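Next up, the structure:
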């Protein structure tokens, strides 16, 4: 079943608009392809996807080397905010970009909630509109 990119992007746009301190979100494949995104103007989807894939690859290697098990989340903290990369499906990861004032506990809860919907859409389990 084909992925409904429009529906995925609408879900991402709602997430970015409705969750405080979130500046952008994207779903990317482990090999660095953008599946859907709602990023700030001026951010390059392809570049963001490639960097996310690199973070995932390095995080997985660190997890193995340090015997931490399967990686669930990678957090990058910078002076201007956070980048949170979370496993979504076997073939996708969910990237969330926040400002510095984000409350990580709340953001992680919101990520958990939206990932349920994103998984349904990515795996073709979402109900078609009108049913």
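Residue numbers (this note's numbering): 211 to 341. All residues carry an ideal CB built from backbone N, CA and C; glycine is no exception. Note that this is a predicted model, so its numbers are computed, not measured.
Burial state of residue 316 is exposed, judged by a 10 Å Cβ sphere holding fewer than 16 other Cβ atoms. Excluding sequence positions up to five before and after residue 329, its CB lies within less than 7 Å of the CB of 298 and 299, all in the same chain and listed in chain order. 9 Å or more divides the Cβ of residue 247 from the Cβ of residue 295. If the five residues before and after residue 235 are omitted, its C-beta is found closer than 6 Å to the C-beta atoms of 222, 225, 226, 248 and 306, all from its own chain and listed in chain order. Membership of residue 294 in the beta strand (DSSP E) is indicated by the continuous run 291-299. Residue 220 and residue 240 have their C-alpha atoms spaced approximately 22 Å apart.
Residue 235 carries a strand assignment under DSSP once its states are collapsed to helix, strand and coil.
Counting only residues of its own chain and dropping the five nearest sequence neighbours on each side, residue 283 has a CB closer than 6 Å to the CB of 296. Taking 9 Å as the cut-off, the Cβ atoms of residue 332 and residue 218 count as close. With contacts defined by Cβ atoms closer than 9 Å, residue 303 and residue 237 form a contacting pair. Secondary structure at residue 285: strand, using DSSP grouped into helix, strand and coil. When the five nearest sequence neighbours on each side are left out, the beta carbons in the same chain lying within less than 6 Å of the beta carbon of residue 324 are those of 225, in order along the chain.
Around the beta carbon of residue 245, 16 or more other beta carbons lie within 10 angstroms, which makes this residue buried.
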